[in-house]
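Below is one structure, written out as structure tokens; comments come after it.
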Amino acid sequence: MLINNSIEKKDLVYITLKASSAFKTLSQKKILITGGAGFLGYYLVKSILFWNEVHSSQKIFVTVLDNFMLGEPPWIQELKQNPFFSLLKKNLITSPLNCNQEFNYIIHAASIASPVFYRKHQLETMDANIIGLRRVLEYAQRNKINGVLFFSSSEIYGDPPYDKIPTSENYRGNVSCIGPRACYDESKRYGETLCYVFANRYNIPIKIVRPFNNYGPGMKINDGRILADFSRAALENKNIIIHSDGSPTRTYCYVADAIIGYFLALIKGNAADPYNIGLAKPEISVLEVAKLVQKLAKKKFSYSGSVIEMKSNDSEFLIDNPNRRCPDISKAKKELGFSPAVSITQGVSQTLDWYKKMYYSK
Ligand SMILES: NC(=O)c1ccc[n+]([C@@H]2O[C@H](COP(=O)([O-])OP(=O)(O)OC[C@H]3O[C@@H](n4cnc5c(N)ncnc54)[C@H](O)[C@@H]3O)[C@@H](O)[C@H]2O)c1
Numbered sequence: 001m002l003i004n005n006s007i008e009k010k011d012l013v014y015i016t017l018k019a020s021s022a023f024k025t026l027s028q029k030k031i032l033i034t035g036g037a038g039f040l041g042y043y044l045v046k047s048i049l050f051w052n053e054v055h056s057s058q059k060i061f062v063t064v065l066d067n068f069m070l071g072e073p074p075w076i077q078e079l080k081q082n083p084f085f086s087l088l089k090k091n092l093i094t095s096p097l098n099c100n101q102e103f104n105y106i107i108h109a110a111s112i113a114s115p116v117f118y119r120k121h122q123l124e125t126m127d128a129n130i131i132g133l134r135r136v137l138e139y140a141q142r143n144k145i146n147g148v149l150f151f152s153s154s155e156i157y158g159d160p161p162y163d164k165i166p167t168s169e170n171y172r173g174n175v176s177c178i179g180p181r182a183c184y185d186e187s188k189r190y191g192e193t194l195c196y197v198f199a200n201r202y203n204i205p206i207k208i209v210r211p212f213n214n215y216g217p218g219m220k221i222n223d224g225r226i227l228a229d230f231s232r233a234a235l236e237n238k239n240i241i242i243h244s245d246g247s248p249t250r251t252y253c254y255v256a257d258a259i260i261g262y263f264l265a266l267i268k269g270n271a272a273d274p275y276n277i278g279l280a281k282p283e284i285s286v287l288e289v290a291k292l293v294q295k296l297a298k299k300k301f302s303y304s305g306s307v308i309e310m311k312s313n314d315s316e317f318l319i320d321n322p323n324r325r326c327p328d329i330s331k332a333k334k335e336l337g338f339s340p341a342v343s344i345t346q347g348v349s350q351t352l353d354w355y356k357k358m359y360y361s362k
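The sequence shown begins at 1 in the working numbering and counts up by one.
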């Protein structure tokens, strides 16, 4: 398997150690990852293949199903020679899952996560979260399957009032069913309901995670999410542009920590019982993130740009954008043993180094 640099190596060691109980359960099993060519797929897939290299008697077989709707990433090509990896290039909506191929676990990550792109592909995003999920659940119903994981989102909480911050899983949400973000938020909400009904009606172990702002290696530099945008600006020595007053706050979870949470939820989670997966603190503003990228890039690459506020050309850019997002992760800690440990400074630093290596060193 191709490990691109020392950051990836360190992350894959970290993931496979901290989620080793889950990897052991997956050994000798076949796992399908829909949307596995996306950002989270990068480490979901690579950590499985890395595990296989180290544990020769506990191999896991991984299949990625993806329609490459935003392009085929080069790293997928590089894995094609790996005997434990296979690729199904298809659209989950138009081509149902083939029952000849037997999977023990399915991770349903197909959707579009970046607001910039899901707003351009609203129907496709809804279809992936509703019709695509239904196809996965019907497959799980027909075949004896050990577990399904549905990627919901912290967006199902919408814009919580301040007394619901940090937000726990039992908060029911403040979400608009119309508007530019509704295609994403509401289809994730419906997706959770679909999981709940299938899990209870057919007794299928369907697990649900609600990711809170993941970032790091694997996210394409033109993905449109802020850490990709800010890193690109820094690496091209351009000003870092903020399309708001910089005040909305979030916590940001480094991808290696998040991936551990997803594997643990798949194996140890309760059925139809969602888990917040994210970093509990610090909750920091967009402006603070920009300044952190600026400071680290200055130190690493003598970056000399400024942080600038500029209204987006997109008049709907800020509509329904939550003011605060911060998870209560005590349930995932207690029930899954989830314990994220990568600080925002370390994570952003590694992210900058990874982007530099992957996109700017030829
Ligand atoms: N990354 C985060 O911080 C975050 C936060 C909340 C929720 N999520 C959810 O986690 C999942 C994975 O996120 P990500 O960041 O990797 O997303 P991503 O947008 O980077 O990747 C999604 C992948 O799904 C594929 N896809 C979309 N529709 C498809 C279809 N019909 N058939 C086959 N493939 C299809 C895309 O081609 C893409 O490769 C998504 O469901 C997302 O909504 C992620």
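Note that CB positions come from ideal geometry on N, CA and C, so glycine has one too.
Buried or exposed: residue i, going by 16 or more other Cβ atoms within 10 Å of its Cβ?
i: Pro-74; result: exposed
i: Ile-145; result: buried
i: Gln-350; result: buried
i: Asp-66; result: buried
i: Arg-201; result: exposed
i: Tyr-275; result: buried
i: Thr-345; result: exposed
i: Asp-127; result: buried
i: Glu-124; result: buried
i: Ile-206; result: buried
i: Glu-309; result: exposed
i: Phe-68; result: exposed
i: Gly-191; result: buried
i: Asp-223; result: buried
i: Ile-76; result: buried
Measuring only the C-alpha atoms, how far is residue i from residue j?
i: Thr-23; j: Leu-49; result: Correcting the residue type first, residue 23 is Phe in the shown sequence and not Thr. The straight-line gap from Cα to Cα measures roughly 11 angstroms.
i: Ile-130; j: Lys-333; result: 29 angstroms
i: Thr-16; j: Ile-106; result: 19 angstroms
i: Pro-282; j: Gly-173; result: 22 angstroms
i: Lys-29; j: Asn-270; result: 20 angstroms
i: Asn-91; j: Glu-78; result: 21 angstroms
i: Asp-11; j: Leu-32; result: 22 angstroms
i: Ser-56; j: Val-342; result: 29 angstroms
i: Ala-109; j: Lys-295; result: 33 angstroms
i: Phe-103; j: Ser-27; result: 13 angstroms
i: Ser-111; j: Ala-258; result: 18 angstroms
i: Lys-357; j: Asn-143; result: 43 angstroms
i: Gly-147; j: Leu-88; result: 20 angstroms
i: Phe-151; j: Val-64; result: 15 angstroms
i: Trp-51; j: Lys-59; result: 8 angstroms
i: Trp-354; j: Val-348; result: 10 angstroms
i: Asn-213; j: Cys-253; result: 6 angstroms
i: Leu-97; j: Glu-335; result: 32 angstroms
i: Asn-313; j: His-243; result: 9 angstroms
i: Ser-21; j: Ser-47; result: 14 angstroms
i: Gly-71; j: Pro-115; result: 17 angstroms
i: Lys-268; j: Ile-226; result: 32 angstroms
i: Asn-100; j: Glu-288; result: 51 angstroms
Write down the C-beta distance between residue i and residue j rounded to the nearest angstrom, noting that I regard them as a contact closer than 8 angstroms.
i: Ile-204; j: Ala-140; result: 5 angstroms
i: Tyr-360; j: Leu-235; result: 5 angstroms
i: Ser-231; j: Val-293; result: 6 angstroms
i: Glu-272; j: Ile-208; result: The sequence as given places Ala at residue 272; Glu does not occur at that position. With 8 angstroms as the limit, Ala-272 and Ile-208 qualify as a contact, their Cβ atoms being about 7 angstroms apart.
i: Lys-386; j: Ile-260; result: With the chain represented from 1 up to 362, any question about residue 386 goes unanswered, as that position is not in the structure.
i: Ala-233; j: Ile-241; result: 7 angstroms
i: Tyr-171; j: Pro-180; result: Tyr-171 to Pro-180, Cβ: 23 angstroms. No contact.
i: Gly-158; j: Leu-264; result: Not really, about 26 angstroms apart at Cβ, beyond 8 angstroms.
i: Gly-278; j: Pro-211; result: 7 angstroms
i: Ile-165; j: Arg-324; result: 5 angstroms
Query - Every unbroken beta strand (DSSP E) inside the segment 179 to 266 [3 residues or more] - result: 206 to 211 and 240 to 242
Query raised in the report: Between the segment 31 to 45 and the segment 211 to 221, are three or more C-beta pairs nearer than 8 angstroms?
Result: yes
Query - Length at least 4, wholly inside the segment 307 to 348: the alpha helix (DSSP H) runs in chain order - result: 330 to 336
Report task. Could you tell me whether the segment 188 to 198 touches the segment 311 to 320, where touching means 3 or more Cβ pairs closer than 8 angstroms? Result -> no
Query - Entirely enclosed beta strand (DSSP E) segments - the segment 85 to 127, minimum 3 residues - result: 85 to 89 and 105 to 108
**Report entry** Sufficient close CB pairs (3 or more, under 8 angstroms) joining the segment 294 to 302 to the segment 183 to 193
**Finding:** no
Report task. Would you mind listing the beta strand (DSSP E) stretches within the segment 41 to 86 that are 3+ residues and don't spill past its ends, in chain order? Result -> 61 to 66
Query - Continuous beta strand (DSSP E) assignments of at least 3 residues falling wholly in the segment 134 to 163 - result: 147 to 151
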